[in-house]
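Q:
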Amino acid sequence: MASPQRTEVNNFRRGVNSVHAPLAVNHVLSTGLLDSIIFDDIIMRLASRAGARFEFHRSVSPLPKMDVYHYHRANRESRLKHPAVVTVHHDPDDPYFWLRLRRFLPRWREADVVICINNAHQRRLQAEGIQNTMVIPHGVDRSVLPVPGEPRRRRPGEPLRLGIVSRRHKRGFKGEDRMHALFDRLNPEHFAFTIVGADRDTEAVAAHRKGFEVSFHPRLPYGLFGALYGRIDMLVILSYWEAGPACLPEALGSGIPVATTGVGMAYDLVQDGINGILLTGDADCDAATLSDLAESTDDMGRLMDGAFATAGEIPSWDAIIARHFEVYRALAEGGQV
Amino acid sequence: MKVALFEPSSSAGMRIIRGALKEHGISYVSVASASRLDDTITHTVAEFGGVRRNGASAAGMTHMVLRPANILGAWFFEPEGGTPRIKDIGWFARLLPPADTAQRDMAVASAIGIMGGPGAATMVTGSVMRRCPEDGRLTLLVANSLRDTAVRLNLKEIFNLEFVSDTAHGNEEGNETGFPLDNDSVPIEILFRNADAVLCQDTPLLYESLRRGFKPVVVGDALCSVVGCVHAAPTDDALMAGLLGDAVRSQLNYEEYCAFETYVASVLCVEAIRDTPASRAEAVRRLGAPDRVPPLRLEAVGPNKRKIFLQICGEFLRTPGPWVGDACFILEQRIRRIVNR
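Same order as they appear, the protein sequences are chains A and G.
Residue numbering for the first sequence follows the working numbering, starting at 1 and increasing by one per position.
Residue numbering for the second sequence follows the working numbering, starting at 338 and increasing by one per position.
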């Protein structure tokens, strides 16, 4: 935890009055070679609401004389500058070489606060003896995705439209093989797909060749995501490893049920059979589950009702950002987070 | 409306609009891509009677770490003509939301840039601004290669100057400086983030704005106006008044964005699949079946072909980048020739 002495030293170095000056928060990306849309999005959302209270600096290496350091790729650091916040943007059990747990543990232990996106990851870190954790999930931008006024209803006579909203990753952790397996097993007369995401043309083409009606957007302005979710009946997430994903709260917050494997925020937000279904990852089993849903108007209607009922419970980005600000403020003042 | 973006040039349409704005005493902000910067300055000076300080603007740009097609920044011009005065930049500042201090500072800095001459404008618009919390002055982060220019123009009178490396977008310690500008394409992002509407002519900015979900008002003859994703004919007084009064919807809806996608795809089709055996064979290979080869004529493009077109234009649409606008522009000129043939 940041000591009061350290904070005083920082303020002395900056030559500012800690009561009136904005808090300087340094977002440390640790590499200039990798781009991350989600990092950019979170940082921009924080900055857009900073007002006069915070001053945000983004850098590859930590800058001197900052009040708080927020690390996004802690595994690439040899030591952290304090007070240090670290966000766990990935699944700690992801076996990918660069994301192996042992690469992160020393820095997480060193951090003043470790922010997890979901409760499962917090428990995972606690099992490793890391106790300075807290959960701040992804939120919903209510200016684009307002709480729905009424439950969704499936369009009569039309196939069940499933949405896939994610960019394609070469290492396949979004469950690309599971998507193709589903295309092989689902009936094109009962399902249609809306696919959004960079490099997802591979899946769009595959679904199209299997006979599904496919609507594909390689890129969609965020302001149109409300219209996007308004056009699908259910979001499908087939990932192996996730911290979020961001589309999960977006869909549920829009009153759209979600069919997802048990990853990331799924166990926090999806109530199986109420506002979505938890998939197994087994193609035959999941295809059967989805096919049953497509054939049963009542079951799908119940899920849509459930998603509508819980949509307002999904936290907004405003609330999420406020929690980040609380953490920054507490750390800068040397208090307990 | 908070800010209007123009792409100045010598076109007749833009001259009409600039004349109308001048006549009504409306100040405006324009945005120029690097490739058009020299053209912009030339015509602005010609129309507004300003003094062109030197002819080195293009040479100055070569020192910046900017991709050629990037939008450089905003420029402020007085409607009455003459050299812009520094007191008038408050007009631009008032257009932007007061809470977004960083963005406002950036915009103001861009406006100031023109007053120091083209070199300063290049420097400012390719740099990062932030307000110093201690004294409230603007700090201008200047690329090292423009250090001499900054000193010669005596920009210290206006800014706190901080010199940064222009090879790694960082300071001398190798760190990036400032927020949120971490790369050279961000200034236009900031302007778009703060824009309620976009006015432009048929140029790369048109496509940049469409890709970001704007429904721009297009000056002059835009080919993509036929698909309904733009407000055409801005010389219409009612449309112009509605836009200025925030009464015109300036964001694309889903259907309009789809129309834009279709349009881009069709543009690319014309370019990507020529009517030659080799091109058609390549298309067949990519699309998997002979009957999926898209038509070559623009008129034949319909919604039911959209999915197929998007296969071809995947590279085009899925990779965000300033080159998209230029590519569109180039391709569109070719289509014009084909259609008019």
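Virtual Cβ for every residue (Gly too), placed ideally from N, Cα, C.
It should be emphasised that the depicted structure is a prediction, and the values quoted were computed from it without experimental measurement.
Using a Cβ-Cβ distance under 8 angstroms, would G:Gly565 count as near chain A?
A: It does not; no Cβ of chain A falls within 8 angstroms.
Q: Count the other C-beta atoms from every protein chain shown that fall within 10 angstroms of the C-beta of A:Pro249, then say buried if there are 16 or more, exposed otherwise.
A: With 16 or more Cβ atoms within 10 Å of its Cβ, A:Pro249 is classed as buried.
Q: Given that G:Arg549 touches chain A, what residues does it touch there, using C-beta distances under 7 angstroms?
A: Correct list: Pro221.
Q: Let's see if you can read the secondary structure: which residues bound the beta strand (DSSP E) around A:Ile277?
A: It spans 276-279 - the beta strand (DSSP E) in which A:Ile277 sits, taken as one unbroken run.
Q: For A:Pro257, count neighbouring C-beta atoms within 10 Å of its own C-beta (all shown protein chains included) and say buried if the count is 16 or more, exposed if not.
A: A:Pro257 comes out buried.
Q: Using beta carbons (cut-off 8 angstroms, strictly below), is A:His217 in contact with chain G?
A: Yes, its Cβ sits closer than 8 angstroms to a Cβ of chain G.
Q: Along the chain, where does the alpha helix (DSSP H) that runs through A:Val205 open and close?
A: Looking at the DSSP string, the run of the alpha helix (DSSP H) that includes A:Val205 is 201-209.
Q: Would DSSP call A:Met134 helix, strand or coil?
A: In the structure shown, A:Met134 sits in a strand (DSSP, three-state: E or B).
Q: What are the complete beta strand (DSSP E) segments, minimum 3 residues, inside the segment 211-249 of chain A?
A: As far as the segment 211-249 of chain A is concerned, its whole beta strand (DSSP E) runs of at least 3 residues are 213-217, 234-237.
Q: Can you check DSSP and say which residues form a bridge with A:Tyr69?
A: Partner(s): A:Asn26, A:Ala84.
Q: Identify which residue in A:Thr280, A:Glu295, A:Trp317, A:Ser78 has its Cα closest to the Cα of A:Pro137.
A: Among A:Thr280, A:Glu295, A:Trp317, A:Ser78, the Cα nearest to that of A:Pro137 belongs to A:Trp317.
Q: For the candidate residues A:Pro148, A:Asp284, A:Pro218, whose alpha-carbon lies nearest to that of A:His180?
A: Selected option, being the one with the closest Cα: A:Asp284.
Q: With 16 other CB atoms within 10 Å as the buried threshold, where does A:Pro156 fall?
A: Exposed: under 16 other Cβ atoms inside 10 Å.
Q: As a quick exercise: from A:Arg153, A:Ala307, A:Trp241, A:Phe54, pick the residue whose alpha carbon is nearest that of A:Val147.
A: Out of A:Arg153, A:Ala307, A:Trp241, A:Phe54, A:Ala307 has the C-alpha closest to the C-alpha of A:Val147.
Q: What does DSSP give as the partner residue(s) for A:Ile195 in the beta ladder?
A: In DSSP, A:Ile195 forms a bridge with A:Ile164, A:Phe216.
Q: Please classify A:Tyr96 as buried or exposed, where buried requires at least 16 other C-beta atoms within 10 Å of its C-beta.
A: Exposed: under 16 other Cβ atoms inside 10 Å.
Q: Out of A:Ile274, A:Lys81, A:Ile117, A:Leu80, state which residue places its alpha-carbon closest to the alpha-carbon of A:Phe39.
A: Among A:Ile274, A:Lys81, A:Ile117, A:Leu80, the Cα nearest to that of A:Phe39 belongs to A:Ile117.
Q: Tell me which residue opens and which closes the alpha helix (DSSP H) that A:Cys345 is part of.
A: Beyond the ends of chain A as shown, which are 1 and 337, falls residue 345 of chain A; an answer cannot be given.
Q: Under 8 angstroms between the Cβ atoms of A:Thr261 and A:Gly175?
A: In contact: A:Thr261 and A:Gly175 (Cβ atoms closer than 8 angstroms).
Q: Taking DSSP as the reference, what is the three-state secondary structure of A:Ala311?
A: Helix.
Q: By Cβ distance, which residues of its chain are closer than 6 angstroms to A:Val196, with the 5 residues on each side in sequence left out?
A: Here the set comprises Val165, His217, Leu220.
Q: Would you call the CB atoms of A:Thr310 and A:Asn275 closer than 8 angstroms?
A: Yes. Within cutoff.
Q: Under the three-state reduction of DSSP, which class applies to A:Arg49: helix, strand or coil?
A: Note: A:Arg49 maps to coil in three-state DSSP.
Q: Quick one: does the C-beta of A:Ala21 sit closer than 7 angstroms to a heavy atom of the ligand FAD?
A: Within the structure as shown, the ligand FAD is missing, as the structure has no ligands at all.
Q: CB-CB under 7 angstroms to A:His324, same chain, minus the five flanking residues each way: which ones, in chain order?
A: Cβ within range, chain order: Leu46, Ile136.
Q: Which residues in the same chain have their Cβ closer than 8 angstroms to the Cβ of G:Glu593, if we skip the five residues on either side of it in sequence?
A: Closer than 8 angstroms at the Cβ level, and outside the excluded window around G:Glu593, lie Lys552, Gly565, Cys566.
Q: Going by the beta-carbon positions, is the gap between A:Val113 and A:Phe225 smaller than 8 angstroms?
A: Going by C-beta atoms, A:Val113 is not nearer than 8 angstroms to A:Phe225.
Q: Considering only the beta carbon of each residue, do A:Ile237 and A:Leu269 sit closer than 8 angstroms?
A: Cβ distance not < 8 angstroms, so A:Ile237 and A:Leu269 don't count as in contact.
Q: Is DSSP giving G:His568 helix, strand or coil here?
A: G:His568: strand per DSSP, three-state reduction.
Q: Where DSSP assigns a beta bridge to A:Ile115, which residues make up the other side?
A: A:Thr87, A:Met134.
Q: Determine the direct distance from the alpha carbon of A:Arg79 to that of A:Ala266, and round the result to whole angstroms.
A: If I take the Cα positions, the gap works out to 32 angstroms.
Q: If I follow the unbroken beta strand (DSSP E) through G:Phe680, where does it start and stop?
A: For residue 680 of chain G there is no data in the structure shown, the boundaries of chain G being 338 and 678.
Q: Mind pulling the chain G residues with CB within less than 8 angstroms of A:Leu415?
A: This structure gives no information on residue 415 of chain A, because the portion of chain A shown stretches from 1 to 337.
Q: Note down, in chain order, each residue of its chain lying with its Cβ closer than 7 angstroms to the Cβ of A:Leu99, except the 5 sequence neighbours on either side.
A: Same-chain partners within the cutoff: His90.
Q: Can you list, in chain order, the residues of its chain with a C-beta nearer than 7 angstroms to that of A:Asp199? Leave out the 5 residues immediately preceding and following it.
A: Within the same chain, A:Asp199 has close Cβ partners Arg167, Arg168.
Q: Express the C-alpha separation of G:Leu498 and A:Tyr50 in angstroms, rounding to a whole number.
A: The residue you asked about is not Tyr; residue 50 of chain A is Ala in the sequence shown. Whole-angstrom Cα-Cα distance: 24 angstroms.
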